[in-house]
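Before any comments, here is the structure.
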Amino acid sequence: MVEWTFFLHSLSVLLLRLFLLRTSAAAEGPAFTFMNNCRWTVWPGILSGAGRDQLSTTGFELPSGSLRSIEAPAGWSGRLWARTGCVFEASGGGSCATADCGTGEVECRGKGAAPPATLAEFTLGGGAGEKDFYDVSLVDGYNLPMVVQGGGGKCATTGCAEDVNARCPAELRVGEGAAAACRSACDAFGRPEFCCSGEFASPAACRPTAYSELFKTACPKSYSYAFDDATSIFTCAGAGEFTVIFCPDATTSSSKSPANPRTSPTTTGDVTVESDAWLASLVADSGSERNSALPSMLPSMAFPFFVLLHFVA
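Each residue of the sequence shown is one higher than the one before, counting from 1 in the UniProt record's numbering.
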């Protein structure tokens with residue numbers, strides 16, 4: 001009888017531990033692994049969405065050829081990007097040539113990237129198989145190539161692998177000589193038709209322009225303007241990990257550093273399509289789910305944080 005009681009007690013303890021492990025895993029959400037394939041150091045920045053906790057770091061140095069993983073809780077939303085040409089003093093103060101967050105420090109502490117900046121944007125599911133939403137956006141311009149890969153769950157790769165700086169028109173170019181970054185038309189000119197604001201603040205009124213088409217041609221899976229949802233938003237469940245790769249293919253970039261004379265250049269990579277965000281349901285393509293983000297799902301999922309940012313950036 002004593003042995004049987006001991007067995008039942010041990011079994012209950014084991015089951016409790018398994019339950020706690022499952023609960024903990026569901027609460028943690030995916031990890032973000034940052035990989036720097038550029039031939040120069042970058043300084044990733046992280047901005048959490050409104051009402052979301054900051055991650056364990058909001059900015060860090062990532063030397064060429066290195067990687068770093070950051071845990072994110074389930075339900076997290078926010079933006080990730082890479083700063084270039086940064087100089088930080090030990091006594092405080094400093095800045096970056098592109099995508100600076102304005103704190104004067106390596107940590108961004110709740111501050112976003114100054115345009116132009118290539119952005120990776122995420123709204124993670126709350127666990128229990130809920131879908132993650134993600135995209136790479138050029139709505140705030142472009143400063144370097146970036147792709148996002150999902151670690152599982154049939155998550156498609158997306159991003160902008162092309163060296164857009166090499167084809168950036170003079171009126172959008174930032175920096176001397178080889179383009180350090182390429183501004184969006186909204187940032188450069190501030191006109192409502194480029195910013196999808198005022199009378200152009202709807203999908204019907206705000207259409208692609210010659211400038212947004214330049215970005216879309218170079219990077220067809222990335223957001224090129226605020227209402228570029230149909231081929232730009234991706235979803236999957238069970239990613240486990242997202243890998244954010246800066247300069248995914250160093251063979252196609254310029255041999256010059258975009259902004260920092262002490263370092264070196266840019267790159268590219270292979271991209272796969274996934275989805276639509278809130279237009280009608282689309283059929284599955286290449287083993288990846290296409291998402292139909294119907295209005296009925298928005299209360300439980302929350303309106304994706306990065307879509308709101310397209311209008312307030």
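Glycine included, every Cβ here is placed at the ideal spot set by N, Cα and C.
Check, Outcome
"Expected contact under 8 Å - CB spacing of C86 and S64 to nearest Å", "Between S64 and C86 the Cβ distance is about 14 Å, and since that is not below 8 Å, they are no contact."
"Residues near R167 by beta carbon distance below 8 Å, same chain, minus five either side", "L214, A218"
"C-beta atoms of V174 and F32 nearer than 8 Å", "no"
"Residue range of the alpha helix (DSSP H) that includes C236", "That residue, C236, is in no alpha helix (DSSP H); its beta strand (DSSP E) goes 234 to 236."
"Integer Cβ distance of G59 from S77, believed to fall under 8 Å", "In fact, because the Cβ distance is near 18 Å, the residues do not count as touching under 8 Å."
"DSSP-derived helix/strand/coil call for G159", "strand"
"Residue environment, G92, which counts as buried when at least 16 other CB atoms sit within 10 Å", "exposed"
"Of the residues W40, P208, T118, the one placed nearest L138, counting alpha carbons only", "T118"
"Neighbourhood of A239 by C-beta, 8 Å cutoff - its chain only, sequence neighbours within 5 removed", "P30, D132, G150, G151, G152, G153, C155"
"Cβ-based neighbour list, E171, same chain, cut-off 7 Å, excluding 5 preceding and 5 following", "A188"
"Neighbourhood of G125 by C-beta, 6 Å cutoff - its chain only, sequence neighbours within 5 removed", "K131, D132"
"Own chain residues within Cβ distance below 6 Å of A99, not counting five before or after", "W81, R83, A113, A117, N143"
"Where A90 falls, given that 16 or more other Cβ within 10 Å makes a residue buried", "exposed"
"Residue closest to E61, alpha-carbon to alpha-carbon, out of P169, F34, S197", "F34"
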